[in-house]
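Okay, so here's the structure we're looking at.
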Amino acid sequence: DAEITQSPRHKITETGRQVTLACHQTWNHNNMFWYRQDLGHGLRLIHYSYGVQDTNKGEVSDGYSVSRSNTEDLPLTLESAASSQTSVYFCATEQGREQFFGPGTRLTVL
Amino acid sequence: GENVEQHPSTLSVQEGDSAVIKCTYSDSASNYFPWYKQELGKRPQLIIDIRSNVGEKKDQRIAVTLNKTAKHFSLHITETQPEDSAVYFCAAARNSGYALNFGKGTSLLVTP
């Protein structure tokens, strides 16, 4: 079955380290998105891509980067992790008429 | 950019009663308005959506209304059940394939 996966599901890291969160979808869809979820803030858009080699900044992009070298993957990189980036991260892709979310990655920055 | 406001932030109802969640948006170019339900520890899942050419849409106990002139839309859940307890998010976008701008969520509790 086609799906969207995220890895790791949980990660603890230290301030200043580089971290990459993986997102992989098997629907072969062009549109992919990264959101972070924090209590009191809902879901906020970090970066998104509408196709290979296309990347765009969202509402809260500072400190994050993405790259899109193929259709299936949109990895999210935290260049130098900060405690403010402790959050749950959701990747999403368009599936049919809806945006379908991955299972999420819980990241803790100590 | 788009700004989506959602109210109330928490809502408690008795089983069988109705629940209403309201959202407003700022970008008149928004044409797609989905609602997501998120259970504890799970991913958000689409429960219903509406496009700007429609004023109301219904799916069993769930309905969504849209007033494009006033830039607000609402989720109505009738005959609520304990399994409706979750966090509900409204969102707005230019189209269904575009990045979503979410409201901050409403925590709904349905008590037996």
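The listed protein sequences derive, respectively, from chains A and B.
Be aware that the first sequence starts at 1, since it is given in this note's numbering, and climbs by one per residue.
Be aware that the second sequence starts at 111, since it is given in this note's numbering, and climbs by one per residue.
All residues carry an ideal CB built from backbone N, CA and C; glycine is no exception.
Beta carbon proximity, K178 (chain B) to chain A, threshold 7 Å: It does not: the Cβ of K178 (chain B) has no partner Cβ on chain A nearer than 7 Å.
Spatial distance of I172 (chain B) from G151 (chain B) (CA atoms): The straight-line gap from Cα to Cα measures roughly 23 Å.
CB of P8 (chain A) within 7 Å of CB of R153 (chain B), strictly: Contact check for P8 (chain A) against R153 (chain B) fails: the beta carbons are separated by 7 Å or more.
Nonlocal neighbours in the same chain, by C-beta distance under 7 Å from D38 (chain A), ignoring five residues either side: Apart from the 5 residues on each side of it in sequence, D38 (chain A) sits with its Cβ closer than 7 Å to the Cβ of S87 in its chain, given in chain order.
Straight-line gap, L110 (chain A) to A82 (chain A) (C-alpha atoms, nearest Å): Those two C-alpha atoms are separated by around 8 Å.
Cβ contact check for the region 198-213 of chain B and the region 125-142 of chain B: 3 or more pairs under 8 Å: Counting Cβ pairs under 8 Å, three or more are found: they touch.
Neighbour-count burial assignment, Q112 (chain A), 16 or more Cβ in a 10 Å radius: Lying outside 1 to 110, the shown extent of chain A, residue 112 (chain A) is not represented and no answer is given.
Chain-order list of residues whose beta-carbon lies under 6 Å from that of P75 (chain A) (same chain, five-residue window excluded): Excluding sequence neighbours, P75 (chain A) sits near T20 and A22.
As assigned by DSSP and simplified to three states, the class of D73 (chain A): Here D73 (chain A) carries a strand assignment [DSSP, helix/strand/coil].
Cβ separation of I160 (chain B) and K168 (chain B), assumed to be a contact under 8 Å, to the nearest whole Å: I160 (chain B) to K168 (chain B), Cβ: 10 Å. No contact.
6 Å Cβ shell around S206 (chain B) - same chain, five flanking residues per side excluded: These residues qualify, in order along the chain: Y142.
CB contact check: L43 (chain A) to chain B, cutoff 7 Å: Yes, L43 (chain A) lies at the interface with chain B (some Cβ there is under 7 Å from its Cβ).
Cut-off 8 Å between Cβ atoms - residues of its own chain near G111 (chain B), not counting five sequence neighbours on either side: Only D137 and N211 meet the Cβ criterion.
Cα-Cα separation, L78 (chain A) to N56 (chain A): Near 16 Å, if we compare the C-alpha coordinates of N56 (chain A) and L78 (chain A).
Close Cβ partners of Q18 (chain A) (< 8 Å) along its chain, the five nearest in sequence each way excluded: These residues qualify, in order along the chain: T77, L78, E79, S80 and A81.
E193 (chain B) versus W145 (chain B): straight-line alpha-carbon distance, rounded: Between E193 (chain B) and W145 (chain B), the C-alpha separation is close to 17 Å.
Any chain B beta carbon closer than 7 Å to Q28 (chain A): Strictly speaking, residue 28 (chain A) in this sequence is Asn, with Gln absent from that position. Not an interface residue.
Between the CA atoms of I187 (chain B) and G215 (chain B) - distance to the nearest angstrom: Whole-angstrom Cα-Cα distance: 15 Å.
Alpha carbon of S65 (chain A) to alpha carbon of E125 (chain B), nearest angstrom: So the alpha carbons of these two residues sit roughly 45 Å apart.
Q148 (chain B) versus Q155 (chain B) - alpha carbon distance: The alpha-carbon atoms of Q148 (chain B) and Q155 (chain B) are separated by roughly 6 Å.
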